[in-house]
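What follows is one structure encoded as structure tokens, with my remarks underneath.
Numbering (UniProt numbering), first residue to last: 1 to 410.
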């Protein structure tokens, strides 16, 4: 029996387990203090999350099956179940996905990364800082770690290979291991620094608003600047100590970057347009609160400019199936999470958890919640799925325990 066939069969067992778990939960009487509707919605929602955690199926597949169940069982009305698709922040994420394609297609993202490497990449440590800096610079236009990796990974791979460091020939420690670990760690810094650098961030801001916490593009950047700067300074150096590259000096890296820049040629008109659009969007996002401007409308206008100038075309749109998939599963899970909150499930769960930690001073509760949230992430393959499943609960527990709301939300 082939490995692929065994894996396929094992997936069926996991899917059956999720189904049995959901059915068992569905027919279990609702706990005291919860309506049957809230309990049934939780049964469907947690089954989707379980399917994602144990990788029984993709988050997209689990979500659309859950969407069908939640409507056909009358747990939610069709209007309630589909309400997530009309959320402005979700549309913002989807449009930002499409704009990210423009950054890649125009070559602007690659040119920025190469220019930084050319300037600061004369040592392996300098290369580490250069890669993270490039990631942080382009992150506002990329609400996806995967999309940013699509820009940075080929550059990191080329730098490693040209330095004689490859994965399978025993030379990975020469330079490649350090650069890859640094670039992966850098993704977490850039994702935390900008509101639009990760799909989960706008979702968290929207959920925090339900607790009376207003998070704008500017306030996010202000709150994240100091910890992101510290992480930027420490992480490349720390990984340099943990994964010390055998090659300490990389005088060829700036030359390699220069060669690639020469191959790209002079800055193209599309790069100027993309850069101007990119800067204009960020500026309007930062001042959107003061100017009364809708951030999603800014994103749509930016995408419109890219389409008018053929930087992004309808053919490009046809190849962006991932964006459509994100819209569907994100909208589905957000709607379920919102109605779990509206039906009182989140407050009920938060109250029960709060009773366990009653009497603890809020700094201890704060540290405990943060550590628990980080640890639980190891069970999730998606940061956004974890956000939708747990953020409201953790926020409710912390606020009830006296943790400053804005501090916990950020």
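Every residue, glycine too, gets a C-beta built ideally from N, C-alpha and C.
Predicted, not measured: the structure shown is a model, and the values here were computed from it.
| query | result |
| --- | --- |
| Is residue 35 helix, strand or coil when you go by DSSP? | coil |
| So is residue 183 buried or exposed if we call it buried at 16+ other beta carbons inside 10 Å? | buried |
| Under 8 Å, with one C-beta from each stretch per pair, do the region 123 to 130 and the region 285 to 305 reach the 3-pair mark? | no |
| Compare the C-alpha of residue 331 against each of 317, 88, 39 and name the closest. | 88 |
| What span of residues does the alpha helix (DSSP H) with residue 195 cover, start to end? | Per DSSP, residue 195 belongs to no alpha helix (DSSP H) and is neither H nor E. |
| Take residue 384 and list the residues in its own chain whose beta-carbon comes closer than 6 Å to its own, dropping the five residues that flank it on each side. | 199, 200 |
| For residue 160, which beta-bridge partners are listed by DSSP? | Note: residue 160 sits in no beta bridge, so no partner. |
| Out of 334, 352, 360, 363, which has the shortest C-alpha to C-alpha gap to residue 391? | 334 |
| Tell me, to the nearest whole angstrom, how far the beta carbon of residue 320 is from that of residue 85; I am working on the premise that it is less than 8 Å. | Not confirmed; about 17 Å, so no contact. |
| Would you kindly work out how many angstroms separate the C-alpha atoms of residue 394 and residue 341, rounded to a whole number? | 12 Å |
| Just checking my contact of residue 99 with residue 141 at CB under 8 Å: how many whole Å lie between their CB atoms? | 6 Å |
| Rounded to whole angstroms, what is the Cα-Cα separation between residue 28 and residue 40? | 9 Å |
| With DSSP run on the structure shown, which of helix, strand or coil describes residue 226? | helix |
| Please list the segments of the alpha helix (DSSP H) lying wholly inside the region 52 to 86, counting only runs of 4 or more residues, in order along the chain. | 59 to 72, 78 to 81 |
| Cutting at 6 Å between CB atoms, please list the residues of its own chain near residue 215, excluding the five before and the five after it. | 205, 208 |
| Roughly how many angstroms separate the alpha carbons of residue 308 and residue 251, rounded to a whole number? | 42 Å |
| With the cut-off set at 9 Å, would you say residue 326 and residue 94 are in Cβ contact? | yes |
| Mind pulling the beta strand (DSSP E) runs of 3 or more residues that sit fully within the region 252 to 288? | none |
| Taking 9 Å as the threshold (C-beta atoms), are residue 111 and residue 301 in contact? | no |
| By a C-beta neighbour count over all protein chains shown, 10 Å radius and 16 as the cutoff for buried, is residue 346 buried or exposed? | buried |
| Hey, how far is the Cα of residue 158 from the Cα of residue 403? | 47 Å |
| Cutting at 8 Å between CB atoms, please list the residues of its own chain near residue 123, excluding the five before and the five after it. | 248, 249, 250 |
| Going by Cα to Cα distance, which pick from 57, 13, 76, 33 is closest to residue 337? | 76 |
| How far does the alpha helix (DSSP H) with residue 123 in it extend, from its first residue to its last? | Careful: residue 123 lies outside any alpha helix (DSSP H) and carries neither H nor E. |
| Tell me, to the nearest whole angstrom, how far the beta carbon of residue 56 is from that of residue 103; I am working on the premise that it is less than 8 Å. | The Cβ separation is near 34 Å, so there is no contact. |
| Please classify residue 304 as buried or exposed, where buried requires at least 16 other C-beta atoms within 10 Å of its C-beta. | exposed |
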